[in-house]
Amino acid sequence: MSAFSSTPATAFLGQQILLSSSLETVALRVKAALASDPNAAILVFNDSDGRVIDLDLRGSDAEIVARLPADSEIEAESSPEAPRGPGRPKLGVVAREVTLLPRHWEWLSAQPGGASVVLRKLVEEARRQGSDADRRRQSQEAAYRFISAMAGNEAGFEEAARALFAGKQDDFSAAQVTWPEDIRRHAQLLAMAALAAS
Numbered sequence: 280m281s282a283f284s285s286t287p288a289t290a291f292l293g294q295q296i297l298l299s300s301s302l303e304t305v306a307l308r309v310k311a312a313l314a315s316d317p318n319a320a321i322l323v324f325n326d327s328d329g330r331v332i333d334l335d336l337r338g339s340d341a342e343i344v345a346r347l348p349a350d351s352e353i354e355a356e357s358s359p360e361a362p363r364g365p366g367r368p369k370l371g372v373v374a375r376e377v378t379l380l381p382r383h384w385e386w387l388s389a390q391p392g393g394a395s396v397v398l399r400k401l402v403e404e405a406r407r408q409g410s411d412a413d414r415r416r417q418s419q420e421a422a423y424r425f426i427s428a429m430a431g432n433e434a435g436f437e438e439a440a441r442a443l444f445a446g447k448q449d450d451f452s453a454a455q456v457t458w459p460e461d462i463r464r465h466a467q468l469l470a471m472a473a474l475a476a477s
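Quick note, the sequence shown lines up with residues 280 to 477 if you use the working numbering.
What follows is the structure in structure tokens.
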């Protein structure tokens with residue numbers, strides 16, 4: 280199994296789903312579809328973040344698969360570039376600048392283990408507490424990117440976008456009643472975590 284096969288992806292042929300599967304499987308299916316119809320309008324979406332994935336479909340299946348971005352490369356594209364500097368890169372520790380007020384530095388230096396240990400603990404605790412909010416935000420962003428690309432000109436787009444960010448499931452669904460079925464279903468799937476509490 281390749282490093283990128285776990286990236287969930289969906290290819291749309293016009294307004295219909297061609298295939299939802301791993302990026303590797305989707306890429307090869309897109310290649311076959313374009314071989315049948317070179318003028319086919321196909322978009323491939325990363326189902327994790329709603330972004331369009333550009334595929335280089337030249338060459339053999341093995342060459343196409345070899346050129347696919349790894350999961351880590353896809354994540355890096357959606358994250359700001361982190362400068363490399365001192366730290367312990369082999370352990371995944373990277374040094375960065377932190378700007379705090381003097382009273383914050385005093386408090387940190389008085390804690391057992393020093394500033395780095397305390398900051399790591401604080402970050403981990405914040406991640407645990409914020410995981411639901413993070414999932415909701417990521418779901419909103421993924422669904423919004425997708426509907427912007429596939430339904431930006433559809434009636435009810437603005438209403439759907441407002442409902443998505445307000446967490447209103449019923450309004451989100453109602454705004455999409457005239458949208459093509461596959462676009463509507465995929466938007467609902469991507470928005471599931473964002474609208475789960477509504």
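Glycine is no exception: its CB is placed at the ideal position from the N, C-alpha and C atoms.
Could you tell me which residues DSSP pairs with residue i in its beta bridges?
i, result
"Asn325", "Ala288"
"Ser301", "Pro287"
"Val309", "Answer is none; Val309 lacks a bridge partner."
Look at the Cβ atom of residue i, then the Cβ atom of residue j, and state whether they are nearer than 8 Å.
i, j, result
"Ala421", "Ser327", "yes"
"Gln294", "Asp411", "no"
"Ser299", "Thr286", "no"
Which term fits residue i, buried or exposed, when burial requires 16 or more other beta carbons within 10 angstroms of its beta carbon?
i, result
"His383", "exposed"
"Ala288", "buried"
"Met429", "buried"
"Glu303", "buried"
"Ala475", "exposed"
"Leu297", "buried"
"Asn318", "exposed"
"Arg406", "exposed"
"Val377", "exposed"
Distance, Cα to Cα, residue i vs residue j?
i, j, result
"Leu469", "Glu385", "45 Å"
"Gln419", "Pro348", "24 Å"
"Gly329", "Pro391", "42 Å"
"Leu489", "Ala306", "The structure shown has nothing for residue 489, since the chain only spans 280 to 477."
"Ser427", "Glu404", "34 Å"
"Ser315", "Phe291", "15 Å"
"Val344", "Leu387", "48 Å"
"Ala341", "Pro381", "57 Å"
"Arg416", "Ala312", "34 Å"
"Ile321", "Arg308", "11 Å"
"Ala473", "Leu443", "7 Å"
"Tyr423", "Ser339", "34 Å"
"Leu398", "Lys310", "48 Å"
Using 7 Å as the cut-off, classify the Cβ of residue i as near or not near the heavy atoms of the ligand HEM, replying yes or no.
i, result
"Ile462", "With respect to small molecules bound, the structure shown includes none, and the ligand HEM cannot be examined in it."
Evaluate the contact criterion for the region 430 to 441 versus the region 455 to 471: three or more CB pairs, one atom per stretch, below 8 Å. yes
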